[in-house]
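Trainee: Below: one structure in structure tokens.
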Amino acid sequence: MSSVIISSNSSGTQILLTIKHNDSMLSFEDQLQSELNAAGRLAECKQLENLDTDGSPFFLGNVKMTSKKRKQLKVYETPYGSVEVPRYVYQNSKGGSTYSPLDHNARIVVNSTPKFAQMVSWKYAEMASPQVQKDFEQNHKRTTSRATLRDIADVVGAIAQSKEDSWTYAIPDLPEPVATVSIGLDGAIMLYHEGYREAMCGSITLYDAAGNRMFSSYCAEAPEYGKVSFIERFTREIDKFKKRFPDATYVGVADGAPDNWIFLKPFVAECILDFYHVSEYISEAANALYAGKTKKDKRKKWYRETLHNLKRNQGEAECLNQILQKSEPSNHYPTTIAKLEKVKTYFKNHWHQMGYAQALENRYPIGSGVTEAACKTLIKSRMCRSGMRWKKEGASMLLTLRALVCSTGVWDKFWAKISNYGFPLMHNY
92 MSSVIISSNS
102 SGTQILLTIK
112 HNDSMLSFED
122 QLQSELNAAG
132 RLAECKQLEN
142 LDTDGSPFFL
152 GNVKMTSKKR
162 KQLKVYETPY
172 GSVEVPRYVY
182 QNSKGGSTYS
192 PLDHNARIVV
202 NSTPKFAQMV
212 SWKYAEMASP
222 QVQKDFEQNH
232 KRTTSRATLR
242 DIADVVGAIA
252 QSKEDSWTYA
262 IPDLPEPVAT
272 VSIGLDGAIM
282 LYHEGYREAM
292 CGSITLYDAA
302 GNRMFSSYCA
312 EAPEYGKVSF
322 IERFTREIDK
332 FKKRFPDATY
342 VGVADGAPDN
352 WIFLKPFVAE
362 CILDFYHVSE
372 YISEAANALY
382 AGKTKKDKRK
392 KWYRETLHNL
402 KRNQGEAECL
412 NQILQKSEPS
422 NHYPTTIAKL
432 EKVKTYFKNH
442 WHQMGYAQAL
452 ENRYPIGSGV
462 TEAACKTLIK
472 SRMCRSGMRW
482 KKEGASMLLT
492 LRALVCSTGV
502 WDKFWAKISN
512 YGFPLMHNY
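For the sequence shown, the working numbering assigns the number 92 to the initial residue and increments by one for each residue that follows.
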């Protein structure tokens, strides 16, 4: 063995690492990584042993815990490979469940050290388990089973969900004061075992007085009837931001789905319909009012001028709605008539949410691109790969991890909470 412990005590461990040179740089680096893993396993063993007790009795709350006479071996998964460490296991005089101070002190997740659990859960949030397994083999020279990867990721996701009420994550230092908070939500279709269902995604974005985006936080939930879990989780997140930024202007930005606005209205001072969706309806109106090849130029001109006026002139949405309600299609084809009627209904229901000129003057966002991008990033890119079918538990856990990973700076703060406070109910002794 090329890695040897020279000395070790409670304050530290010295390891001698010997690497042989050869003619191939790639071969040398592969060997170096393998030997570094071997040295890492030696160091991990000593660190784990250092976090154990000396076997003396102690009180856990009001219960006296006594160790078994002999240490029990347990295999721990680390970033450098598996290690087997003897440790004391405690039990009270009445029997029942056992307790390992080492597992608690080291913040063991299932049987994984926190760093390995952090690596696994991050990779699993980004890749399917076969790719995570391959990544460890190729890039870390470390083998592990797909079952182990899933078990660790499941527990980390469960920890994140169980701590949503009690753990808050500090927002990174921002370059400017927060003037506007934009709240949006949308859905994305994913494949469940029983068929296609809609998962939900919410975004909370902070803007400065000039309208520059500074920070985004995300919340996602697996498909469910009634969206109860998503509504509860997203409401908690919004409440946290309202307490943190009570003086900011809260703006709701979403498409025209009625459920979106039923949820958003109690939280926001301004309701803004996504401009891109509105532009699609204006395009439909242009096609109905100026149908046919001969009116192509008029159609394009009307479309461009209408969008420009809608963004630049205050009160334009109300005027446009009145014009559309009185307008007639350029022909009497059923499809043209239906198209224009659809546009009329849309503007009748939503013109009051199209105050784009005032919104731009106030430097408010007028598009829901942050939320729609979150749907693609959080849900589509990971949950909708070829051959994937999901059940609620697995989808919910993974979307929780995805939200932590994608929210700026939150992932590291989540793991800092685990390191500081632990999670005793999650241990497997």
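Ideal placement from N, C-alpha and C gives every residue a C-beta, glycine not left out.
Just so it is clear, the structure is predicted and the values come from calculations on it, not from any experiment.
On the DSSP letters alone, give me the boundaries of the beta strand (DSSP E) that Val95 sits inside.
Mentor: Residues 94-100.
Trainee: When we look at the beta-carbon of His518 and count the other beta-carbons within 10 Å, is it buried (16 or more) or exposed?
Mentor: Its pLDDT being 42, under 50, His518 is placed unreliably by the model, and the measurement read from it follows with that caveat. Result: buried.
Trainee: Looking at the strands, I want to know which residues DSSP matches up with Lys392.
Mentor: In DSSP, Lys392 forms no bridge with anything.
Trainee: Hey, would you say Leu142 sits closer than 8 Å to Asn196, going by beta carbons?
Mentor: Their beta carbons are under 8 Å apart, which means Leu142 touches Asn196 by this criterion.
Trainee: Report buried or exposed for Leu516, applying the criterion of at least 16 other Cβ atoms within 10 angstroms of its Cβ.
Mentor: Model confidence at Leu516 stands at a pLDDT of 46, short of 50, so the residue's coordinates are unreliable and nothing is read from them.
Trainee: Using CA atoms only, rank isn't needed, just tell me which of Gln413, His399, Cys136, Gln163 is closest to Thr169.
Mentor: Closest by alpha carbon: Cys136.
Trainee: Evaluate Pro314 with the Cβ neighbour count: other Cβ atoms within 10 Å of its Cβ, from every protein chain shown; 16 or more gives buried, anything less gives exposed.
Mentor: Looking at its Cβ environment, which holds 16 or more other Cβ atoms inside 10 Å, Pro314 is buried.
Trainee: Counting only the same chain and skipping the five closest in sequence on each side, list residues whose C-beta sits under 6 Å from that of Glu407.
Mentor: Closer than 6 Å at the Cβ level, and outside the excluded window around Glu407, lie Asn400, Leu401.
Trainee: Give the range of the beta strand (DSSP E) segment to which Ile106 is assigned.
Mentor: Per DSSP, Ile106 belongs to the beta strand (DSSP E) from 103-108.
Trainee: Alpha carbons only, please: which of Thr204, Tyr316, Arg132 is nearest the one belonging to Lys232?
Mentor: Considering only alpha carbons, the answer is Arg132.
Trainee: Report the residue from Leu193, Gln122, Lys387, Lys391 whose alpha carbon sits nearest the alpha carbon of Gly77.
Mentor: Residue 77 falls outside the range modelled here, since the chain spans only 92 to 520, and no answer is possible.
Trainee: Would you kindly check if the distance between the Cβ of Ser273 and the Cβ of Val344 is under 8 Å?
Mentor: For Val344 and Ser273, yes; Cβs fall inside 8 Å.
Trainee: Just curious, the beta strand (DSSP E) that Met156 is in, first and last residue?
Mentor: Start and end: 154-158.
Trainee: Taking contact to mean 3 or more Cβ pairs, one atom from each stretch, closer than 8 Å, check whether the segment 375-382 and the segment 420-428 are in contact.
Mentor: Output reads yes: the segment 420-428 touches the segment 375-382.
Trainee: Considering only the beta carbon of each residue, do Ile243 and Ser212 sit closer than 8 Å?
Mentor: Yes.
Trainee: What did DSSP end up calling Tyr520 once you bin it into helix, strand or coil?
Mentor: A caution first: Tyr520 carries a pLDDT of 45, below 50, which makes its placement in the model unreliable, though a value can still be read off. Of the three classes helix, strand and coil, the one that applies to Tyr520 here is coil, per DSSP.
Trainee: Could you give the residue range of the beta strand (DSSP E) that holds Asn183?
Mentor: Asn183 -> beta strand (DSSP E) spans 181-183.
Trainee: Would you call the CB atoms of Asp346 and Asp277 closer than 8 Å?
Mentor: For Asp346 and Asp277, yes; Cβs fall inside 8 Å.
Trainee: Do Gly172 and Asn128 have their C-beta atoms within less than 8 Å of each other?
Mentor: Cβ atoms of Gly172 and Asn128: closer than 8 Å.
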